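Input: a single structure, listed below in structure tokens.
Numbering (the numbering used here), first residue to last: 318 to 575.
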């Protein structure tokens with residue numbers, strides 16, 4: 318009896334293995350294209366984000382002209398201010414910009430000793446807010462003040478920096494400057510020459526949108542038939558040089574465009 322049960326077990330196990338192998342053979346033709354297309358989409362997404370995403374650092378700067386410990390606190394007004402301490406951040410002058418509390422650019426420059434000078438409206442009885450921006454490897458077109466400063470932190474006001482915030486988003490200028498030679502971009506991104514792709518940017522975060530919401534397209538071929546095409550969408554943000562964010566959707570297609 319013991320031998321019979323072992324035979325039955327072996328037969329059952331053999332049938333089970335045959336079933337599993339048959340199932341894998343049956344499913345494999347469907348699984349392989351899905352895995353391949355997912356990989357192709359990921360290649361486009363990873364390279365696209367590396368190509369067009371930027372990281373902006375934003376630090377609040379607080380100016381207090383009501384500090385009575387200073388020798389001569391000034392009245393409210395517009396001044397050319399100077400902070401006599403070196404700027405505590407690394408970077409080139411053109412990579413920095415300064416905003417007022419209303420997010421308007423203000424004139425500023427850095428002295429040879431990396432001291433910050435800028436034009437600003439400051440009021441007594443308030444903690445006056447400015448924003449110091451840093452965009453690495455980019456360039457702001459600053460209108461620098463030329464005259465000497467009217468007031469400085471040694472005699473006239475106190476100041477402090479707040480916590481730096483990092484904001485990541487799409488630099489739209491970099492997006493529209495993508496290499497228009499598709500074959501060259503495929504080679505740069507290690508994308509197969511035998512496959513094709515398109516990139517569409519939609520100016521909304523809603524899943525319901527129409528053609529009028531498309532603000533950018535790359536290699537979109539409306540007039541051709543697209544077969545075996547795989548689509549992925551994801552939400553992202555366009556970042557302005559002032560740090561403002563606008564929600565968008567990327568639509569990427571890979572496959573065979575005929």
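Heads up, the beta-carbon is just placed ideally off N, CA and C, and yes, glycines get one too.
Values in this document were obtained by computation on a predicted structure and should not be read as measured data.
Residues near residue i in its chain [Cβ-Cβ closer than 6 Å; skip 5 each side]
i           : result
residue 578 : Outside the shown range of the chain, which is 318 to 575, sits residue 578, and nothing can be said about it.
residue 481 : 374 and 376
residue 418 : 446
Beta-carbon gap between residue i and residue j smaller than 7 Å
i           : j           : result
residue 531 : residue 516 : no
residue 391 : residue 470 : no
residue 571 : residue 492 : no
residue 354 : residue 508 : no
residue 573 : residue 536 : no
residue 436 : residue 462 : yes
residue 486 : residue 562 : yes
residue 382 : residue 423 : no
residue 557 : residue 567 : no
residue 447 : residue 378 : yes
residue 468 : residue 526 : no
residue 431 : residue 393 : no
residue 371 : residue 488 : yes
residue 522 : residue 564 : yes
DSSP beta-bridge partners of residue i
i           : result
residue 448 : 377 and 416
residue 478 : 378
residue 472 : Residue 472 pairs with nothing; no bridge assigned.
residue 568 : 517 and 550
residue 431 : According to DSSP, which records beta bridges pairwise, residue 431 is partnered with nothing at all.
residue 486 : 371
residue 411 : Note: residue 411 sits in no beta bridge, so no partner.
residue 395 : 438
residue 562 : 556
residue 403 : 432
residue 535 : 516
residue 422 : 416
Member of the options whose CA lies at the smallest distance from the CA of residue i
i           : options               : result
residue 362 : 565, 506, 559 and 563 : 506
residue 408 : 433, 387, 388 and 479 : 433
residue 388 : 475, 555, 444 and 480 : 475
residue 412 : 426, 418 and 482      : 426
residue 398 : 428, 488, 385 and 386 : 428
residue 384 : 406, 443 and 565      : 443
residue 401 : 524, 484 and 465      : 465
residue 421 : 454, 460 and 503      : 460
residue 538 : 499, 479, 503 and 510 : 499
residue 406 : 504, 356, 528 and 452 : 452
residue 356 : 479, 512 and 555      : 512
residue 479 : 445, 524 and 533      : 445
residue 533 : 501, 504 and 494      : 494
Chain-order list of residues whose beta-carbon lies under 7 Å from that of residue i (same chain, five-residue window excluded)
i           : result
residue 477 : 379
residue 348 : Unreliable placement is indicated for residue 348, whose pLDDT of 46 sits below 50; the coordinate value is still reported in the next sentence. Excluding sequence neighbours, residue 348 sits near nothing in its chain.
residue 483 : 372 and 374
residue 458 : none
Cβ neighbours of residue i in the same chain (closer than 8 Å, five flanking residues each side left out)
i           : result
residue 569 : 358, 361, 362, 365, 514, 515, 516, 517, 548, 549 and 550
residue 456 : 411 and 412
residue 403 : 430, 431 and 432
residue 502 : 495, 496 and 508
Check: residue i C-beta below 6 Å from any heavy atom of the ligand GDP
i           : result
residue 371 : Among the components modelled here there is no ligand, and therefore nothing to report on the ligand GDP.
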